[in-house]
Amino acid sequence: MSKMLKKVNASNPKLWLLIGIGLAGAVVVVAETRRRRHRNLPKEDFGAFVERIELLPIPQPNQTQTLSALTFAIKDIFDVKGYVTGFGNPQWKKTHGEAGKTAIVITALLSDGATCVGKTVMDEFSFGISGENKFYGTPTNPQMPSSIPGGSSSGSAVAVAARLVDFAIGTDTTGCVRIPAAFCGILGFRPSHGVISTIGVLPNAQSLDTVGWFARDPSVLHRVGLVLLPLTSVELKRTRRIIFADDLFQLSKAPSQKTAYIIGKAIENLSGYQSLQHMNLCQYIASNVPSLKGFHEKLTQQQNGLSILKALTSVMFSLQGYEFKTNHEEWVKSVKPRLGRGVSERVNAAMNATHDNIKTLYKVRTEMRGAFQHLLKDDGILVIPTVADYPLKLNTEKGFSSEFHDRAFALSSIASISGCCQVAIPLGCHNDCCASISLISAHGVDKFLLNTVLDMYSTLQEQVSVAYALPLLDTNGSMETSELLKEKGNTAFKGRLWNKAVDYYTEAINLNGTNATYYSNRAAAYLELGWYEVSPVFTIGTFVCV
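Okay, here's the thing in C-alpha cells:
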C-alpha cells in the first residue's frame, strides 16, 4: 500500500477532483440521514397547534355548567379577543390586526365551563381536504401517521384523535369536519346550515360554511351540541326510519354488505327503529332537483351515479368560488399571497370565474333542501359512506389528483348543498384504515340526530367486531358479478326482452340483495309485462333503468 501511495502525484488535479466528489457525497449522505431522522421524530403535540393559548371558563354563579372540566381546541379561523386570527396563512396574519371580540361560539363554550388550550392548524383559507399546510406543517394523523389527516380542520381533528383535548371546534364548508373525522377515526358533526352563529368566524363561503365539532366520546359530542344548538321544545320520542343509500356505497371502498349488516343488527334491538330501508339516492336527486339537469348533461360521460354527484359538486364549487371571491378578492389582489399547491389553484379559479349562472346555483341549493326535507321529514336518517377512499400517504402527488378530490367532494356535497345536518361515525378499521359512515338528517333536526348517535353508538361498535369476523361479501367478487348481471338486464330491457331482463335482475338480487337499483329495474320490467311488483326492500325512489 505504501509503495502505491508513493506513486500518487499529489499535484494531479484529477486526484483532487475525485477526493472532492467523495467528500461531497459523504456530506450529502450525512445531511440526508439527518433529514430522515428529523422527519421520523415525533412532532410536539402531533403538530396539531399553530398557537398555544389558555382561555379559562367564564364563571356563571348558580348555574350548572354542561362542559365543566372539559378542554377544547379551536381552528385558527375563530376570533379570540387580543389575538390575530391566522386563517392558515402567515401573510393573512401579518396583514391583519388583533380581534376586538371573541367569536360567539367560543364564548358560549367558555361560559359553559370548558377551557380552551390552543388554536389549531388548518388548510389555508379553509380550502382543501388533505390537511397539509405549506407554512405550518401537516398535523400527524394519530391513527395512521404516514397518511394525511384530512382537512381543512386538520389540527382540530388530530388534537381530539391524539387525546390532547376532549373536543375541538372546526368549520365545515365542503367536508372540512367530516373528512378529517373519517381519516382520524373520530366523531365529527356538521350542523344544519345557519343554525349556529358564525359571528367572529372568518368566512370562506357563507352559503356553505358551518361551525362543526369533533369528539371521541358520543356523550361529549352530544353535550357540545346542547350548548351550541338553539333551544328547542322538549322532543318527544319518535320512531326512526333508517335509509341505506346502496348506490353511494358502491361508489366507495367501504364494504357495503358488512356495513348494511352492522346497521341492520344495531337497530334490531333498539326501541322505535323501523327496519332498514334501501334506496338509490342518485336517482332520487336526479328526479327531485330539476335545476341540476343542466350541470348533469355536461357530465354524461361519467359512470354510474357519480355524474349526478359530480354535477352537485360542480354547483358546490361554483357557489364557494363566487362567495370566496366576494369576501376576499380585494385582499388577494392587493397582497398577492404565496399559497401552497392545491390552494393556489382553488383561489385562482375563484378569482378568475365569471359566475354567470349564479341564480341557478342558488336554485339548486333551494331544491336540494326541499328534496331532502321531503325524503327525511323529521324522522328519517340517511346512511352514506363519509368518504369514498382511504386517506392518501403524506406528500404524494396523487393527493392533488382530480380523481381523489372528485370522489371525496361528491359525497360531502350532499349535506353542503342541502344544508342538512350530518355526523361522521367511526366504524372500526378496514384494510388497516379507519372506516367511517355518516348519518344525515333533515335541516333543523340536529338534536334528533345527536340523540340518535347517543342511542346507537355503543351497539354499532359492538356489531363492528362481529361483522368484520364474518365471511360476508365485500364490494368485490359476487358484487361485481351482480353488476354484470344488472348490465345484461339493462341490455335486455332496452331490447324490449322483458322476461330476460327480469331473469337477469333476479339473479343480481340473489347475489346482492341489498342493492335498491336491482329491485327498481326489475319492477320496471314487470310493469312492461303488465305486472306490478311491490318490492320488499326497495321502498323509496323511482323506476329508472340504470
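So in the working numbering the end of the sequence shown lands on 1894, straight run, no missing numbers. All C-beta atoms in this analysis are idealised placements derived from N, C-alpha and C, irrespective of residue type, glycine included.
For L1415, which of T1580, Q1554, R1571 and F1531 has the nearest alpha-carbon?
One-based indexing of the sequence shown puts residue 1415 at position 67. Nearest C-alpha to L1415: R1571.
If you count every other CB in all the chains shown that lies within 10 Å of the CB of E1480, and 16 or more means buried, which is it?
Here the question's residue 1480 lines up with position 132 in the sequence shown. When all chains shown are included, E1480 counts as buried.
What residue range is occupied by the uninterrupted beta strand (DSSP E) comprising M1627?
As a working note, residue 1627 is residue 279 in the sequence shown. Run containing M1627: Q1625 to M1627, per the beta strand (DSSP E) assignment.
G1690 versus I1857: straight-line alpha-carbon distance, rounded:
Counting from 1 along the sequence shown, the entry for residue 1690 is found at position 342. Counting from 1 along the sequence shown, the entry for residue 1857 is found at position 509. Each residue's alpha carbon lies about 42 Å from the other.
What is the rounded straight-line gap between the Cα of L1875 and the Cα of L1859?
As a first step, residue 1875 must be located in the sequence shown, where it is residue number 527. As a first step, residue 1859 must be located in the sequence shown, where it is residue number 511. Looking at the two C-alpha atoms, the distance is approximately 23 Å.
With a Cβ-Cβ cutoff of 7 Å, do T1862 and A1634 count as a contact?
As a first step, residue 1862 must be located in the sequence shown, where it is residue number 514. As a first step, residue 1634 must be located in the sequence shown, where it is residue number 286. Going by C-beta atoms, T1862 is not nearer than 7 Å to A1634.
Quick one: what does DSSP say Q1491 is sitting in, helix, strand or coil?
By one-based count along the sequence shown, residue 1491 stands at place 143. DSSP places Q1491 in coil when its eight states are reduced to three.
Alpha carbon to alpha carbon, how far is L1429 from F1672?
Stepping through the sequence shown from its first residue, residue 1429 is reached at position 81. Stepping through the sequence shown from its first residue, residue 1672 is reached at position 324. Here residue 1429 turns out to be Lys, not Leu, going by the sequence shown. Taking the straight line joining both Cα atoms gives about 24 Å.
On the criterion of 16 or more Cβ atoms from any shown chain inside 10 Å, does I1706 qualify as buried, or is it exposed?
As a first step, residue 1706 is located in the sequence shown; it is residue number 358 there, counting from the start. I1706 is exposed by the Cβ-count criterion.
Touch check for the stretch 1541-1548 and the stretch 1557-1570: three-plus C-beta pairs under 8 Å?
yes
Coarse secondary structure for Q1770, derived from DSSP in three states
As a first step, residue 1770 is located in the sequence shown; it is residue number 422 there, counting from the start. Correct three-state label for Q1770: strand.
Step through the CB atoms of chain D and report whether any lies within less than 7 Å of the CB of K1684.
Within the model displayed, chain D is absent; a lone protein chain is all it includes.
Quick test of your reading: D1794 and S1600, contact by CB under 8 Å. State the CB separation rounded to the nearest angstrom.
On the sequence shown, residue 1794 is found 446 positions in, with the first residue counted as 1. On the sequence shown, residue 1600 is found 252 positions in, with the first residue counted as 1. The pair is not a contact, with the Cβ atoms about 25 Å apart (cut-off 8 Å).
Can you find the residues in the same chain that come closer than 7 Å, C-beta to C-beta, to N1388, ignoring five residues on each side of it along the sequence?
In the sequence shown, residue 1388 corresponds to position 40, counting from 1. Any reading at N1388 is ruled out, since the residue's pLDDT is 43, under 50, leaving its predicted position unreliable.
Measuring only the C-alpha atoms, how far is L1624 from G1476?
Counted from its first residue, the sequence shown places residue 1624 at position 276. Counted from its first residue, the sequence shown places residue 1476 at position 128. So the alpha carbons of these two residues sit roughly 34 Å apart.
Can you find the residues in the same chain that come closer than 7 Å, C-beta to C-beta, to R1717, ignoring five residues on each side of it along the sequence?
Counted from its first residue, the sequence shown places residue 1717 at position 369. Closer than 7 Å at Cβ, skipping near neighbours: S1766, G1767 and H1791.
Quick one: is D1393 buried, meaning 16 or more other Cβ sit within 10 Å of its Cβ, or exposed?
Position 45 of the sequence shown holds residue 1393. By the neighbour-count rule (16 or more Cβ atoms within 10 Å), D1393 is buried.
If we call anything under 7 Å between Cβ atoms a contact, is V1814 one with E1715?
For the purposes of this step, residue 1814 is taken as the residue at position 466 of the sequence shown. For the purposes of this step, residue 1715 is taken as the residue at position 367 of the sequence shown. The answer is no: Cβ separation not under 7 Å.
In the stretch 1440-1526, which residue ranges form an unbroken alpha helix (DSSP H) of at least 4 residues, counting only runs that do not cross its ends?
1452-1459 and 1502-1509
Using a 10 Å radius around the Cβ and a threshold of 16 neighbouring Cβ atoms, would you call G1878 buried or exposed?
Stepping through the sequence shown from its first residue, residue 1878 is reached at position 530. Looking at its Cβ environment, which holds fewer than 16 other Cβ atoms inside 10 Å, G1878 is exposed.
In three-state terms, what does DSSP make of Y1621?
By one-based count along the sequence shown, residue 1621 stands at place 273. It is a strand residue.
Length of the line joining the Cα atoms of E1835 and T1865:
Sequence index remark: in the sequence shown, residue 1835 carries index 487 (1-based). Sequence index remark: in the sequence shown, residue 1865 carries index 517 (1-based). Looking at the two C-alpha atoms, the distance is approximately 11 Å.
Name the DSSP beta bridge partners of K1658, please?
For the purposes of this step, residue 1658 is taken as the residue at position 310 of the sequence shown. Note: K1658 sits in no beta bridge, so no partner.
Report the rounded CA-to-CA distance for T1450 versus V1432, giving the unit in angstroms.
In the sequence shown, residue 1450 corresponds to position 102, counting from 1. In the sequence shown, residue 1432 corresponds to position 84, counting from 1. Roughly 11 Å between the two C-alpha positions.
My assumption, with CB atoms under 8 Å, is that I1591 sits in contact with I1611. Please give the rounded CB distance.
As a first step, residue 1591 is located in the sequence shown; it is residue number 243 there, counting from the start. As a first step, residue 1611 is located in the sequence shown; it is residue number 263 there, counting from the start. Contact flag wrong, Cβ pair sits at about 10 Å.
Please report the straight-line C-alpha distance between C1464 and A1396, rounded to a whole angstrom.
As a working mapping, residue 1464 is identified with position 116 in the sequence shown. As a working mapping, residue 1396 is identified with position 48 in the sequence shown. Roughly 14 Å separates the two Cα atoms.
By the three-class DSSP mapping on this structure, what secondary structure does F1752 have?
Against the sequence shown, residue 1752 aligns to sequence position 404. In this structure, F1752 counts as helix in the three-state DSSP scheme.
Three-way DSSP call (helix, strand, coil) for G1430 in this model
Here residue 1430 refers to the residue found at position 82 of the sequence shown. Three-state DSSP puts G1430 in coil, outside helix and strand.
The alpha helix (DSSP H) with K1795 in it runs from where to where?
Indexing the sequence shown from 1 puts residue 1795 at position 447. Segment D1794 to A1815, the alpha helix (DSSP H) holding K1795.
How would you call T1519, buried or exposed, if buried means at least 16 neighbouring beta carbons within 10 angstroms?
Translated into positions along the sequence shown, residue 1519 becomes position 171. Buried.
In whole angstroms, what is the alpha-carbon distance linking D1737 and S1786?
Residue 1737 sits at position 389 when you count from the first residue of the sequence shown. Residue 1786 sits at position 438 when you count from the first residue of the sequence shown. Each residue's alpha carbon lies about 14 Å from the other.
Closer than 7 Å by C-beta to P1551: which residues in its own chain qualify, once you throw out the five before and the five after it? Chain order, please.
The residue labelled residue 1551 in the question sits at position 203 within the sequence shown. Closer than 7 Å at Cβ, skipping near neighbours: D1557 and N1675.
Can you name, in chain order, every residue of its own chain whose Cβ lies under 7 Å from the Cβ of L1629, other than the five neighbours on each side?
Here the question's residue 1629 lines up with position 281 in the sequence shown. A1593, D1595 and L1596, listed in sequence order.
What separation, rounded to the nearest whole angstrom, lies between the Cα atoms of S1760 and L1740?
As a first step, residue 1760 is located in the sequence shown; it is residue number 412 there, counting from the start. As a first step, residue 1740 is located in the sequence shown; it is residue number 392 there, counting from the start. Distance between the alpha carbons of S1760 and L1740: 17 Å.
Going straight from the alpha carbon of G1573 to that of T1455, what length do you get?
To locate residue 1573, count along the sequence shown from 1; it is residue 225. To locate residue 1455, count along the sequence shown from 1; it is residue 107. Whole-angstrom Cα-Cα distance: 14 Å.
Cβ separation of S1474 and I1425, assumed to be a contact under 8 Å, to the nearest whole Å
Here residue 1474 refers to the residue found at position 126 of the sequence shown. Here residue 1425 refers to the residue found at position 77 of the sequence shown. S1474 to I1425, Cβ: 6 Å. Contact.
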